[in-house]
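*Asks:* Start counting the sequence shown at 180; every next residue gets the next number (our numbering).
Ideal Cβ placement from N, Cα and C applies to all residues, glycine included.
Pasting in a structure now, in structure tokens, and then I'll have a few things to ask.
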Amino acid sequence: MSLTPPIPRRALKHSRTIQIEGFVRDDGLWELDAHLTDIKPFDLSLPAGNLPAGMPLHSLWLRLTLDRQFTIVEVEANSEAVPYQGYCNTINPAYKTLVGLSLVKGFRYALKERIGGALGCTHLTELAQILPTAALQAFGGEIDRNADPEAGQKKPPQLDRCHALRSEGAVVAKYYPKWAISPSAEAGKQTH
Numbered sequence: 180m181s182l183t184p185p186i187p188r189r190a191l192k193h194s195r196t197i198q199i200e201g202f203v204r205d206d207g208l209w210e211l212d213a214h215l216t217d218i219k220p221f222d223l224s225l226p227a228g229n230l231p232a233g234m235p236l237h238s239l240w241l242r243l244t245l246d247r248q249f250t251i252v253e254v255e256a257n258s259e260a261v262p263y264q265g266y267c268n269t270i271n272p273a274y275k276t277l278v279g280l281s282l283v284k285g286f287r288y289a290l291k292e293r294i295g296g297a298l299g300c301t302h303l304t305e306l307a308q309i310l311p312t313a314a315l316q317a318f319g320g321e322i323d324r325n326a327d328p329e330a331g332q333k334k335p336p337q338l339d340r341c342h343a344l345r346s347e348g349a350v351v352a353k354y355y356p357k358w359a360i361s362p363s364a365e366a367g368k369q370t371h
């Protein structure tokens with residue numbers, strides 16, 4: 180177990196499971212299938228009726244189809260279990276507004292603008308927020324790490340997205356040398 184041992188007396192109140200799978204299609208496009216489930220270990224009384232223990236309160240699916248530049252070309256949302264059937268699940272078509280967005284450039288901001296709050300489903304939108312890093316994990320091996328900036332190739336999208344992969348860091352210097360920035364050059368830019 181990766182965490183410290185739990186305090187002895189605990190009672191499970193809720194389980195959320197998120198599963199994301201990445202696929203390469205025969206036509207060269209990529210797909211991310213994401214599934215979120217919320218389950219209670221006890222019967223739950225809802226305004227719309229009783230939900231038996233172990234049955235999903237939420238079972239939500241989101242599929243993004245991406246081109247090789249991480250641009251969303253197709254979206255499918257499906258709310259198969261929701262607390263208010265006939266209401267919660269009517270928002271699924273709104274997720275098509277994500278088509279055309281880059282998953283690696285400003286996605287989370289655009290997501291909130293297009294389907295944040297009452298414009299979407301809170302849980303589907305939360306699920307969508309974690310897809311950029313899942314896409315980089317799934318398809319990062321398809322990216323040329325030694326792309327030549329002089330040849331007009333773009334910087335790999337995973338760079339400058341976390342502490343370890345910052346352009347002035349040791350990982351980029353070692354594994355992505357063409358994209359490395361020396362720490363002294365970066366400090367000089369910040370003082371001007």
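Give the secondary structure of ARG381 by DSSP, where H, G and I count as helix, E and B as strand, and everything else as coil.
*Replies:* Residue 381 cannot be examined here, being either before or after the span of the chain that is shown, 180 to 371.
*Asks:* Could you tell me the alpha carbon to alpha carbon distance between ALA343 and GLN316, rounded to whole angstroms?
*Replies:* Their Cα atoms are separated by approximately 15 Å.
*Asks:* Within 6 Å: the Cβ of SER224 and any heavy atom of the ligand HEM?
*Replies:* Because no ligand of any kind appears in the structure shown, any question about the ligand HEM cannot be addressed here.
*Asks:* To the nearest whole angstrom, what separates the beta carbons of SER258 and CYS300, a pair I think is in contact under 8 Å?
*Replies:* The pair is a contact, with the Cβ atoms about 7 Å apart (cut-off 8 Å).
*Asks:* How do the stretch 208-217 and the stretch 229-249 stand: do at least 3 beta-carbon pairs fall below 8 Å, yes or no?
*Replies:* Touching, yes, given that three or more Cβ pairs across the two stretches are closer than 8 Å.
*Asks:* By the 10 Å Cβ neighbour count, where 16 or more other Cβ atoms means buried, how is ALA349 classified, buried or exposed?
*Replies:* It is exposed - the Cβ of ALA349 has fewer than 16 other Cβ atoms within 10 Å.
*Asks:* For THR304, does the three-state DSSP call read helix, strand or coil?
*Replies:* Reduced to three states, the DSSP call for THR304 is helix.
*Asks:* Could you tell me whether the Cβ atoms of PRO287 and THR276 are closer together than 7 Å?
*Replies:* A small correction: the amino acid at residue 287 is Arg; Pro does not occupy that position in the sequence shown. Contact flag unset, no.
*Asks:* Three-state secondary structure (DSSP) at PRO272?
*Replies:* Three-state result, PRO272: helix.
*Asks:* Would GLY320 and GLN337 qualify as a contact pair, given that the criterion is a beta-carbon distance under 7 Å?
*Replies:* No, these two residues do not count as a Cβ contact at 7 Å.
*Asks:* Can you tell me whether HIS193 is buried or exposed, with buried defined as 16 or more other CB within 10 angstroms of its CB?
*Replies:* When all chains shown are included, HIS193 counts as exposed.
*Asks:* Which term fits ILE197, buried or exposed, when burial requires 16 or more other beta carbons within 10 angstroms of its beta carbon?
*Replies:* Answer is exposed; the Cβ neighbour count stays below 16.
*Asks:* Within the same chain, show all residues whose beta-carbon is closer than 6 Å to that of PHE202, passing over the 5 residues directly before and after it, in chain order.
*Replies:* Excluding residues within five positions, the ones whose Cβ falls inside 6 Å are GLU210.
*Asks:* Taking 8 Å as the threshold, find out whether the stretch 263-283 comes into contact with the stretch 181-188 through three or more Cβ pairs.
*Replies:* No: fewer than three Cβ pairs fall under 8 Å.
*Asks:* Could you give the DSSP three-state label for PRO356: helix, strand or coil?
*Replies:* If DSSP states are grouped into helix, strand and coil, PRO356 belongs with the helices.
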